[in-house]
Structures are given as structure tokens and as C-alpha cells.
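Reading through the C-alpha cells given below for one structure.
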Amino acid sequence: MKKLEITQEHVTDVIERLKNKKAAGPDLLTPEIFKEIGKSEICLKTITQCFNNEMTSKNKPKEWKESRTKLIPKKKKPTEKDFRPISLTNISYKLFMSIIKDEIENHLKINHLIKENQMGFTKGGRKEDNIFILQYLVEKAFTSKEKKTLVLITVDYSKAYDSIDREKMIEALIEYKIHPHIIDNIIKLYSGDYTKIRFGEQEKRIDITSGIKQGCTLSTTLFKIVTYMIIKELEKRGRGYQIDDITLESLFFADDSILMADSVENAKHNLNILIEVSKKYGLNLNREKCKIIIYNDTENTKEIEGIKVEENVKYLGVTIDNKKDLFKTQREMIKKKAEKYANMTHGIICKSVNRILIGKTYWKCVILPSLLQNIGIIKFNQKEISKLQTIENGVYRKILEGRDNTPISVLRGEIGSSLMETRFIESKLLMAKSIIEGENELTKKF
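In the UniProt record's numbering, the protein residues as written are 1 to 446.
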């Protein structure tokens, strides 16, 4: 068996990729410290040698098995349910696992093992790609001669990352023929790992026996490989949705997945396969959060396997309707948000000491990015775009305290703002550029 050799260049690369001002692990060594160390040739050689030794060592540093969990409040006055746990691991551990991650990702790529319908945790993968494909499927369902049925099931897993069966995860790595040294390292680092949580003056140790390690740079790739196993089984046994020369059973973005089928019976078949294979890897469906929409439904279906059929579903932050105009509700929501945010901006600038600076910064840097997500995909008509422009014009008039007869071009010039229509055109061009230049061949087929 060929030994896996870590190069000094690879170590330099993962050190340079560290982000500054990130929290240190239990050893209190920050990313900035490692970046300074990385400037020394002697230190780099030493770190490289240490990592190569660790790749084949029988015992792993006990410090690499420890993490510190901090509870971050989601609200100003949180209850016990309003805390988000953040796991902090040592930077040296993160560097080592980043190298392992790169090796696995490279193995998947050169051996053509990547599942292109999993867009999450993938270089260049964007949630917009999934929405784009869904839009195409819906449009084709309505333009086909026989008005083809399309069943979509949004899947929600209960505590997905915390419930992965580690033994089955290792089996998946073996099936994907990951280098034995890498698998051995993962097994050893996942054996006996624990976290410490501080409650005031008290500190409690919690041993971890299931799930993917939090705060680990390899975790996203490990989860992705588990989803590959689910996708593979759906491709093998599922009844996919046929469109042109493409057959598609599912789309994934990290743990957010959606199943598709051309009939209620086939949707039920695909759902049962997903439930069966997911359970094998420790993943269980949260049925209350799973939703179904059906296009061209001739049977007036109410539920499938206990999951309700709805008029619309929310997928990757976008509300999708069960009609040909699948983004109608989403467009209405964007208009209402624009009106709400415009009023909020008015309130903020009234209290600020520099209304122009605060107003235009808040609107352009905070509101617009939130408001105009996914506009490269969602089709707006000219009337809807004009309405958004009118709302924005009102905001600029308030910021500059302009009179009613002040030309809009003057207001926009003072603020330094482009037209709404220009933003929509630019977003569509960027979306097209992303698809054309991207590495995902599945998206290009649509």
C-alpha cells in the first residue's frame, strides 16, 4: 500500500486558508499564531514532519479529541432552547483534517465519484442551481402535451449532523475506496472524542458517541459522502422523473433534499427508499417538517405516507407554489418585505446623527442583499420591478429629504444607486455565467 505523503506546499496552503479573528481551541492558539509560524521555513518543515508522523501513528494526540462547546444565545433574553452550540477545536487539528479533506475531495474528483445533484459542500455549488432545476422541471411539466404529473417532496432530517451512525459512515468511506491511512485516522480521531461545556463556574465533560464532529473541517465532506450513498441507492432502485434525456430522483443541498417523481405511487416508492437508506446511516425524517406539492394532480391527493400535500412549500429559503407560476407567493413576499424594510429604514434615519450615511449604508448593504436573493432565477414582470423601484425611490427621497418634484435620477445620483431593472438583468447574467463556467455538468443540461 502506497504511503500517503503530506507535502510542505500542502501544509502552507491550509495555513494560508485559515481565517483571522476566529476563536482558538482548548489550547488557546489562534489562526494568527499559525500564520506567523508558517512564515518560518524551519517551522513549516517541522509541522509537515509532525503531520506525516501522525498519518501513520497508532495513537492520536488526546488534545485532538477534545473540543470546547460554547452556547451562543439567539435572543436577548434566551430560554434554554434559545442557545446555539458552537464547538471549538484546536487549530492544529483543523489543519490536519483540512489536509485529509483535500485528499478525499481530490480522490472523489479524479475518480468521477461526485454526485452532481448534491450541490452543497461542493466547490462552486449554489442553492440557486437547485431552484433553477426545479423551475425547469415545473415549466416542462406544464408545457408537455400530456401535462405530466410532477410530485415534489421536501425532506427534513431530525438533527442530521448529530445522528449520523459513525460505523456506517466508515463503511461508506471504504465503499468509496478512500485511502486506508485516511480511514484509519478518522476512526482513531472519532474514538473517545469528547467536549467540555462550561456553565458559570462549573464545567462538564460529555463523551460523544454518534454524529459528525462539530468544529471539524472534515465534517462537511463526511456528511456529503453519506448523502452520496443515499443518492446512489435512489439512482439504483428509485423511479426517477424523466425529462428530455435526463432522469432525476433527488436534489440535495447539504441536508436539505427534495425528491421528485411522475406519479403518487412512484413518489411513495422513492420516499420509502430514502427513509430506509437514511435510517441505515442514522438519519431520521422529521415528518412534521416534510412537505409535498403536486403539479397537474388529477387525483386530488391529500397525503403520501403521512406527509401532507400543500399548496406551496419552502425550499432553500424560497417559497414554491403548486402552479405554473411557481414563484408568485415568493414575489408577493418580496414586495411586502420591501415595504416593511422601507418603513424600518425611515425609522432608523430619523434617529441617526448622519441620516445620509446611515440611511444609504443600511439600505444598500443590509436591506438590498436580503431582499434581492435569488432574483437571478425568480421571474418578475415589469410591473413588479417598477413597484420595487417605486419603494426604493421613496426610501432615497426620505434619506435625502428630497421634495416631491425632485427628479429620481438626481436622488439616485446622490446615493450612487443603480436601477432595480439593472440589478435584475445583472443577476440573470451572473447566474448564466455561473452555470456556463461552473463545474457542475448536471445544471448545464437544463
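C-beta: ideal position from N, C-alpha, C; glycine also.
When C-beta atoms of the segment 366-385 are compared with those of the segment 406-414, fewer than three pairs fall below 8 Å, so the two segments do not count as touching. Contact between the segment 227-240 and the segment 179-188 is absent, with fewer than three C-beta pairs closer than 8 Å.
Beta-bridge annotation (DSSP): phenylalanine 51 is not paired with any residue. The Cβ atoms of glutamate 66 and lysine 204 lie no closer than 8 Å to each other.
Within 10 angstroms of the beta-carbon of glutamate 175 lie fewer than 16 other beta-carbons, which makes it exposed.
Counting along the chain, isoleucine 104 sits inside no beta strand (DSSP E); it lies in the alpha helix (DSSP H) bounded by residues 91-110. For glutamate 146, the secondary structure class from DSSP, reduced to helix, strand or coil, is coil. Rounded to the nearest angstrom, the gap between the Cα atoms of asparagine 266 and threonine 298 is 15 Å. Shown here, alanine 254 sits in coil according to DSSP, grouped into three states, outside any helix or strand.
In this structure, alanine 254 and phenylalanine 83 do not form a Cβ contact; the two beta carbons are roughly 22 Å apart against a cut-off of 8 Å. Burial of cysteine 290 is indicated by the presence of at least 16 other C-beta atoms within 10 angstroms of its C-beta. Following the DSSP letters along the chain, one finds valine 14 in no beta strand (DSSP E) but inside the alpha helix (DSSP H) bounded by residues 8-16. In the displayed model, isoleucine 377 falls within coil according to three-state DSSP, outside both helix and strand.
The three-state secondary structure of glutamine 135, taken from DSSP, is helix. The alpha-carbon of glutamate 414 is positioned some 42 Å away from that of lysine 323. For proline 85, the beta-bridge partners assigned by DSSP are Leu71.
In its chain, beyond the 5 residues on either side, no residue has a beta carbon closer than 6 Å to the beta carbon of lysine 364. In this structure, isoleucine 15 and leucine 316 do not form a Cβ contact; the two beta carbons are roughly 33 Å apart against a cut-off of 8 Å.
When DSSP states are grouped into helix, strand and coil, arginine 126 belongs to the coil group.
Following the DSSP letters along the chain, one finds aspartate 27 in no beta strand (DSSP E), marked with neither H nor E.
Counting only the Cα atoms, asparagine 343 lies some 50 Å from isoleucine 100. Considering only Leu419, Phe252, Asp129, Leu285, the residue with the shortest C-alpha distance to glutamate 392 is Leu419. Per the Cβ contact rule, the segment 207-226 is not in contact with the segment 146-156 (fewer than 3 Cβ pairs under 8 Å). Between the C-alpha atoms of lysine 3 and aspartate 193 there is a straight-line separation of about 26 Å. Nearest neighbour of threonine 154 by Cα position, chosen from Asp244, Leu274, Leu95, Ile292, turns out to be Ile292.
Across the set Tyr157, Ser417, Asn374, the C-alpha of Ser417 shows the shortest separation from the C-alpha of valine 395. With contacts defined by Cβ atoms closer than 8 Å, glutamine 8 and isoleucine 377 do not form a contacting pair. Using a Cβ-Cβ distance cut-off of 8 Å, the segment 19-33 and the segment 86-98 are in contact, since at least three pairs of beta carbons, one from each stretch, lie closer than that value. Leucine 326 sits in coil when the DSSP states are folded into three classes, being neither helix nor strand. Judged by DSSP in its simplified three-state form, aspartate 184 adopts helix.
According to the DSSP secondary-structure assignment, asparagine 312 is paired through a beta bridge with Asp321. In chain order, Ala24 place their CB closer than 6 Å to the CB of threonine 30, counting only its own chain and leaving out the 5 sequence neighbours on each side.
Note: aspartate 207 is bridge-paired with Tyr194 in the DSSP secondary-structure output. With contacts defined as CB atoms closer than 8 Å, leucine 218 and methionine 97 qualify as a contacting pair. With respect to the C-alpha of tyrosine 281, the residue from Lys232, Thr227, Lys302 having the closest C-alpha is Thr227. Counting of Cβ neighbours within 10 angstroms places methionine 169 among the buried residues, the total reaching 16 or more.
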